[in-house]
Each structure stands twice: as C-alpha cells, then as structure tokens.
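All residue numbers for the sequence shown refer to this note's numbering, where the first residue is 14 and numbers rise by one. Don't be surprised by glycine CBs; every beta carbon is placed ideally from N, CA and C. See below for the structure under consideration.
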Amino acid sequence: MIIVLKPDATKQQLDHVLDRIKALGLKPMVSKGTERTIIGVIGPEDALRVQPLEVIPGVEKVMPVLKPYKLVSRDFKPESTVVNLGDGISVGGKALVMMAGPCSVENRQMLFETARAVKRAGAQVLRGGAFKPRTSPYSFQGLRDEGLKLLREAAKETGMRVVTELLDTRDLKMVQQHADIIQIGARNMQNFELLKEVGQLHKPVLLKRGLSATITEFLLAAEYILSQGNFNVILCERGIRTFETQTRFTLDLAAIPVIKKFSHLPIIVDPSHSTGEWEYVEPMAKAAIAAGADGLIIEVHPNPEVALCDGPQSLLPKKFVKLITEIRKVAKAVGRTV
Ligand code: PEP
Ligand code: MN
C-alpha cells in the first residue's frame with residue numbers, strides 16, 4: 014500500500030499516521046517530495062483493509078501497489094533520485110557520470126597508469142575489481158585486500174571516487190573501508206543476503222542486472238536494498254543472455270526508458286561487458302546516453318593484449334578519450350552534460 018498525504022498535511026498528522034501503521038505491526042517508509050509526502054507500507058497489508066487509514070485527517074488517498082516492488086517505484090517517489098557520490102559528483106541529475114578503469118586491479122603500475130589516463134579523459138569514478146567473479150576457478154581471482162588498497166591510493170592521487178565489487182558478505186568491512194560505491198555484480202544480483210547487508214549501509218550501491226533477470230526481478234533486487242533503508246542505489250544495465258552469440262550478451266537498451274518509467278532510481282549502462290568487444294563499446298555507449306542513461310561504466314586497459322581479465326572488450330586509453338569526445342556530442346543533443 015502507498016499512502017499519499019494531502020499537500021497541507023501537518024507534521025502531527027504525519028506522525029499520527031506513522032503511529033497507526035506501526036501499531037498495526039507494519040513498517041512505514043516515508044518519501045518526502047517537493048509536492049507531497051508519500052508513505053510506503055511494508056508488511057502484511059491485510060490489517061489496513063480492516064482498519065482503513067483514509068479516514069485519518071491529512072490522508073488524501075490509500076492506493077494498492079499493483080507492481081510487486083514498492084519503494085523503488087515512481088508511485089512511491091515520483092521525483093527521480095539523485096545519488097550523491099561526494100566531491101560534488103552525483104548520479105541521476107543533468108550531469109552524466111563516467112566510471113572507467115580496468116576490469117581487475119592487476120598491479121600498481123597498470124592501475125595508476127589507467128587511473129591517470131581515465132581521469133585526464135574526464136572520468137570521475139575509478140572502477141576495478143579486487144574480487145573477481147570468474148566463470149572458471151582457474152582464472153585470475155583478484156588481488157583482494159591488496160587490490161582494494163591500490164584502488165584507494167590511485168583514486169586519492171587522481172581525485173576520483175572508487176567503485177569496486179563485493180562478492181561475499183565476509184568481505185563487507187574491508188570493501189566498505191576502501192570503496193565509495195559498492196558494486197553488486199550480475200552474478201550476485203539475487204544474492205539476497207548480500208543485498209540485505211548493503212541495504213544496512215548508507216554508502217551508494219551499484220547494482221548490476223543479472224545475466225538472465227527480467228526488469229521486474231532487477232527492480233525487486235533493488236527493493237531488497239531500499240527495504241533495509243539504503244536508498245542510494247544506482248542500477249546498471251549490462252546486457253542479458255539471449256540466443257545471439259555475436260556479442261557476449263545482448264544490451265537491453267529498452268530497459269532504460271522502461272526503468273525510468275517505473276522507477277525513480279538512476280540507471281547507468283555497461284557497454285563493455287554487454288558487447289564483449291572493444292569495437293562495439295563506443296556505439297553502444299552513445300546509444301545508451303541517447304536512450305536516457307545517467308552514465309556509463311567502461312573497461313579501459315593500457316595494454317589489453319596482456320590483460321588478466323576481459324582484454325578483448327577493454328579500450329586503450331586513447332580510444333577512451335575518443336569515446337568521451339563522442340559522448341559529449343550526444344549528451345549535448347539530449348540536454349545532458351559530461
Ligand atoms: C564487472 O563489472 O567487473 C563485472 C564482473 O561485471 P558483471 O557483474 O556485469 O559481469
Ligand atoms: Mn570485466
């Protein structure tokens with residue numbers, strides 16, 4: 014259920030409604046918009062049918078939520094969410110966010126070289142995996158805590174924010190200490206315990222769409238995080254499994270306007286993992302921004318030939334410079350800035 018208060022509802026009336034919801038054994042979540050306040054009700058809603066809240070002063074209407082997700086929906090929060098990353102950087106406003114860096118942190122030299130290059134090109138957030146979710150157990154698994162420390166150092170030197178993946182709840186403390194944005198990868202989109210854990214934090218979370226997840230499942234995964242109190246969620250479309258084999262995955266660009274319609278959360282696009290080939294990264298990045306994405310996350314490597322992970326889809330720094338130049342033109346055309 015969603016309870017919409019009247020525009021002139023008082024603080025006392027709001028508190029009274031919240032008390033009534035709690036007394037019925039339900040959990041209220043408040044969304045204060047510029048126009049009016051909306052309360053999302055979490056828990057078994059049958060109680061509300063027995064004791065309707067419409068009669069309480071200050072309440073305009075009580076609406077059933079037809080979608081399975083509530084807090085991520087635009088019904089609950091009509092205004093788009095802008096996630097603040099600190100240092101004057103945010104995701105979901107007019108300015109696009111550019112996240113870039115290697116697939117994995119391999120060593121100090123390559124990380125610093127890449128960080129300096131992507132910063133110079135205009136990226137604000139440094140990406141890099143310290144814990145890698147590899148398909149084969151024999152592939153490079155990441156430098157773990159050493160990788161996290163290097164990311165923090167490189168970001169400090171270059172003046173960037175850090176996004177890095179958390180694979181396991183046992184590493185949460187360590188990742189939380191070094192990351193500005195915690196990434197939940199495609200393979201963990203439905204790791205519900207992990208989602209609940211990051212939901213307890215205030216730190217921004219980058220939630221990537223599962224390899225075979227529908228948009229509804231994707232939004233329900235985000236709902237897990239919001240239902241724990243963390244509203245700082247950035248969604249990421251990164252391609253889904255289809256029958257097509259020419260690209261690594263199929264980038265579902267339609268997910269951008271669909272998600273913008275049904276959810277207030279910002280969404281960025283990963284043209285690297287979705288295509289799997291560097292040649293396709295720039296065209297899909299441009300298409301993503303044209304379709305309304307709030308930013309991009311892109312893999313860049315100084316020498317893709319020797320990359321320990323995802324070399325074929327990694328851009329050389331000079332190609333990343335070109336990509337940003339092209340993105341600036343598309344951004345201008347759709348009323349965004351880079
Ligand atoms: C990544 O961004 O490093 C990654 C592994 O992506 P995904 O979870 O989308 O496969
Ligand atoms: Mn990768």
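Just verifying my parser: in three-state terms, what is the DSSP assignment at residue i?
i	result
M123	helix
A143	coil
I69	coil
R174	strand
V30	helix
V343	helix
P57	coil
K40	strand
V138	strand
E257	coil
L214	coil
T47	coil
L156	coil
S285	helix
L239	helix
K107	coil
K35	helix
A192	coil
A113	strand
M297	helix
M76	strand
K221	strand
T350	strand
G305	coil
G99	strand
Going by other Cβ atoms of all chains shown within 10 Å of its Cβ, with 16 needed for buried, is residue i buried or exposed?
i	result
K90	buried
E67	exposed
P296	exposed
V85	buried
M76	exposed
N243	buried
F144	buried
Y237	buried
A306	buried
V104	buried
L79	exposed
T229	exposed
P317	buried
G160	buried
R62	exposed
P217	buried
G212	buried
R183	exposed
T127	buried
E206	exposed
G172	exposed
D100	exposed
V351	buried
N120	exposed
Determine the contact status of residue i and residue j, defining contact as a CB-CB distance below 9 Å.
i	j	result
R49	K83	no
A192	L164	yes
V176	V118	no
I195	L224	no
K299	V271	no
M42	V54	yes
I253	L219	no
V282	P115	no
R140	I310	yes
N201	L233	no
L39	A60	yes
V110	G348	no
S327	S287	no
A304	A346	no
K221	R251	yes
W291	L329	yes
R87	S276	yes
E3	M14	For residue 3 there is no data in the structure shown, the boundaries of the chain being 14 and 351.
Check your understanding: Around ligand 1, which residues pass a check of Cβ closer than 5 Å to any of its heavy atoms?
Key -> G142, G198, A199, K221, R251 and H286
Review point. Closer than 5 Å from C-beta to any heavy atom of ligand 2: which residues, in chain order?
Key: C116 and D323
Exercise for review: Take every Cβ of the stretch 324-344, pair it with every Cβ of the stretch 130-145, and state whether three or more of those distances are shorter than 8 Å.
Suggested key: yes
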